[in-house]
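Worksheet: one structure, shown below.
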Amino acid sequence: MTAPSATWPRRVGGLELRPPTRDDLEQVLVWRNRPEVTRWLLRTTVEPEAFVKAWLDAVEDPDQHAVVAVLDGRVVATGSLDVHDGMGQFDGDEWRGSEGLLGYLVDPACAGRGFATDIARALLDLAFTELELHRVTAGCFADNHASWRVMEKLGMRREQHGVRDSWHAELGWIDGYTYAILAEEWASSVA
Ligand SMILES: CC(C)(COP(=O)(O)OP(=O)(O)OC[C@H]1O[C@@H](n2cnc3c(N)ncnc32)[C@H](O)[C@@H]1OP(=O)(O)O)[C@@H](O)C(=O)NCCC(=O)NCCS
Numbered sequence: 000m001t002a003p004s005a006t007w008p009r010r011v012g013g014l015e016l017r018p019p020t021r022d023d024l025e026q027v028l029v030w031r032n033r034p035e036v037t038r039w040l041l042r043t044t045v046e047p048e049a050f051v052k053a054w055l056d057a058v059e060d061p062d063q064h065a066v067v068a069v070l071d072g073r074v075v076a077t078g079s080l081d082v083h084d085g086m087g088q089f090d091g092d093e094w095r096g097s098e099g100l101l102g103y104l105v106d107p108a109c110a111g112r113g114f115a116t117d118i119a120r121a122l123l124d125l126a127f128t129e130l131e132l133h134r135v136t137a138g139c140f141a142d143n144h145a146s147w148r149v150m151e152k153l154g155m156r157r158e159q160h161g162v163r164d165s166w167h168a169e170l171g172w173i174d175g176y177t178y179a180i181l182a183e184e185w186a187s188s189v190a
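Its first residue numbered 0, the sequence shown is counted upward by one per residue in numbering that gives the first Met the number 0.
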């Protein structure tokens with residue numbers, strides 16, 4: 000089942016979220032491969048043209064909601080919500096396209112200003128009010144405090160603490176977290 004299409008732009012805080020253009024992605028590439036950005040990412044350094052192509056392809060994919068966050072005409076962050084199947088018995092199809100996977104990256108020059116929290120809030124609102132998803136999850140390395148603080152501030156639950164389940168190129172096997180939130184939890188948190 001393909002999720003309903005999303006409406007853009009969306010505004011949150013002082014940010015405008017919208018699908019990226021090639022020019023937007025060129026702006027992201029100025030900081031995307033910096034060590035402070037890649038340190039806790041799974042996909043660390045990216046090849047610029049492949050990065051641009053992947054994001055522009057995502058704009059055409061109804062199950063990928065990939066956006067840039069623009070502040071005063073400048074791209075300061077990216078966000079993504081990828082819709083995928085949840086777990087379920089084959090007797091029904093409610094689980095098809097029922098879950099979203101959340102992600103965010105902020106220009107290090109703009110960190111600590113609440114932008115990741117604003118972007119995640121907007122994407123959770125999209126997930127539950129417009130796309131009518133059942134559940135949204137996100138994962139991070141346990142040492143990525145800023146990332147899991149964003150999720151906790153929005154009411155996401157730490158569902159899994161994976162002990163040395165995550166491979167890091169410099170640190171080896173280290174702990175990982177999975178966070179999740181259900182539609183009904185989101186509804187009661189914003190009520
Ligand atoms: C993680 C990241 C998205 C956070 O973005 P941000 O816009 O700075 O986040 P916010 O300002 O919305 O909130 C960050 C929260 O983490 C806290 N925080 C920031 N840096 C921290 C650190 N080094 N240790 C502990 N907490 C930290 C902030 O204090 C804030 O929490 P608070 O409101 O309780 O004080 C950003 O640093 C980033 O893009 N990092 C590189 C890419 C990345 O790791 N993405 C996530 C992959 S899972």
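C-beta: ideal position from N, C-alpha, C; glycine also.
Handout entry: Any beta strand (DSSP E) of 3 or more consecutive residues that is wholly inside the segment 53-89
Key = Every beta strand (DSSP E) of 3 residues or more that sits fully in the segment 53-89 is shown, in chain order, as 63-70 and 73-83.
Practice task
Using a threshold of 7 Å, state whether the C-beta atoms of Asp106 and Trp39 are closer than that.
Solution key: Taking the first residue of the sequence shown as 1, we reach residue 106 at position 107. Taking the first residue of the sequence shown as 1, we reach residue 39 at position 40. No; because the gap between Cβ atoms is not below 7 Å, this pair is not in contact.
Problem - Through-space distance from Pro18 to Pro61, alpha-carbon basis - result: Indexing the sequence shown from 1 puts residue 61 at position 62. Indexing the sequence shown from 1 puts residue 18 at position 19. Straight-line Cα distance between these residues: approximately 12 Å.
Handout entry: Of the listed residues Glu48, Asp164 and Asp124, nearest to Leu132 (C-alpha basis)
Key = Against the sequence shown, residue 132 aligns to sequence position 133. Taking only the C-alpha atoms, the option nearest Leu132 is Asp124.
Practice task
Put Leu104 into one of helix, strand or coil per three-state DSSP.
Solution key: In the sequence shown, the residue the question calls residue 104 occupies position 105. In the structure shown, Leu104 sits in a strand (DSSP, three-state: E or B).
Practice task
Just confirm the distance between the C-beta atoms of Trp54 and Ala65, as a whole number of angstroms; I'd bet it's less than 8 Å.
Solution key: Start at 1 with the first residue of the sequence shown, and residue 54 comes out as number 55. Start at 1 with the first residue of the sequence shown, and residue 65 comes out as number 66. Trp54 to Ala65, Cβ: 6 Å. Contact.
Practice task
Would you tell me roughly how many angstroms separate the C-alpha atoms of Val51 and Leu24, rounded to the nearest one?
Solution key: Working through the sequence shown from its first residue, we reach residue 51 at position 52. Working through the sequence shown from its first residue, we reach residue 24 at position 25. Their backbone Cα atoms lie some 6 Å apart in a straight line.
Exercise for the section: With distances taken Cα to Cα, identify the nearest neighbour of Val11 among Ala76, Arg42, Arg33 and Arg21. Expected result: Along the sequence shown, read from residue 1 onward, the residue named residue 11 stands at position 12. It is Ala76 whose Cα lies nearest to the Cα of Val11.
Practice task
On a CA-only basis, which of His160, Glu129, Glu98 and Leu70 is nearest Thr6? Give me that one, please.
Solution key: Against the sequence shown, residue 6 aligns to sequence position 7. It is Glu129.
Problem - Where Ser4 falls: helix, strand or coil (DSSP) - result: The residue labelled residue 4 in the question sits at position 5 within the sequence shown. Of the three classes helix, strand and coil, the one that applies to Ser4 here is coil, per DSSP.
Practice task
Kindly indicate the opening and closing residues of the alpha helix (DSSP H) around Glu184.
Solution key: In the sequence shown, residue 184 corresponds to position 185, counting from 1. Its alpha helix (DSSP H) spans residues Ala182 to Val189.
Exercise for the section: Determine, using beta carbons only, whether Trp7 comes closer than 7 Å to chain B. Expected result: Judged by its chain identifiers, the structure shown contains no chain B, having just a single protein chain.
Exercise for the section: Compare the Cα-Cα distances from Glu158 to each of His144, Gly111, Ala137 and Ile173 and report the closest residue. Expected result: Position 159 of the sequence shown, counted from the first residue, corresponds to residue 158. Nearest C-alpha to Glu158: Ala137.
Exercise for the section: Compute the minimum distance between the beta carbon of Gly113 and the heavy atoms of ligand 1, and state whether it is under 6 Å. Expected result: For this step, residue 113 is matched to residue 114 along the sequence shown. For ligand 1, at least one heavy atom lies less than 6 Å from the Cβ of Gly113.
Exercise for the section: Check whether the Cβ of Arg148 sits closer than 6 Å to any heavy atom of ligand 1, and report yes or no. Expected result: In the sequence shown, the residue the question calls residue 148 occupies position 149. Result yes, Cβ under 6 Å from ligand 1.
Exercise for the section: Name the residue from Leu80, Gly111, Glu93 and Met86 whose alpha carbon lies nearest to the alpha carbon of Gly99. Expected result: As a working note, residue 99 is residue 100 in the sequence shown. The candidate whose alpha carbon is nearest that of Gly99 is Leu80.
Problem - Check: Thr20 C-beta below 6 Å from any heavy atom of ligand 1 - result: Start at 1 with the first residue of the sequence shown, and residue 20 comes out as number 21. Answer for Thr20: no, Cβ out of range of ligand 1.
Practice task
Look up Trp94 in the DSSP assignment and say whether it is helix, strand or coil.
Solution key: Within the sequence shown, the letter at position 95 stands for residue 94. Note: Trp94 maps to coil in three-state DSSP.
Problem - Closest by C-alpha distance to Ser187, when choosing among Tyr176, Leu153 and Gly161 - result: Numbered from 1 along the sequence shown, position 188 holds the residue referred to as residue 187. If we check each option's Cα against that of Ser187, Leu153 comes out closest.
Problem - Ala121 vs Arg9 beta-carbon contact at 7 Å - result: Taking the first residue of the sequence shown as position 1, residue 121 is located at position 122. Taking the first residue of the sequence shown as position 1, residue 9 is located at position 10. Yes, these two residues count as a Cβ contact at 7 Å.
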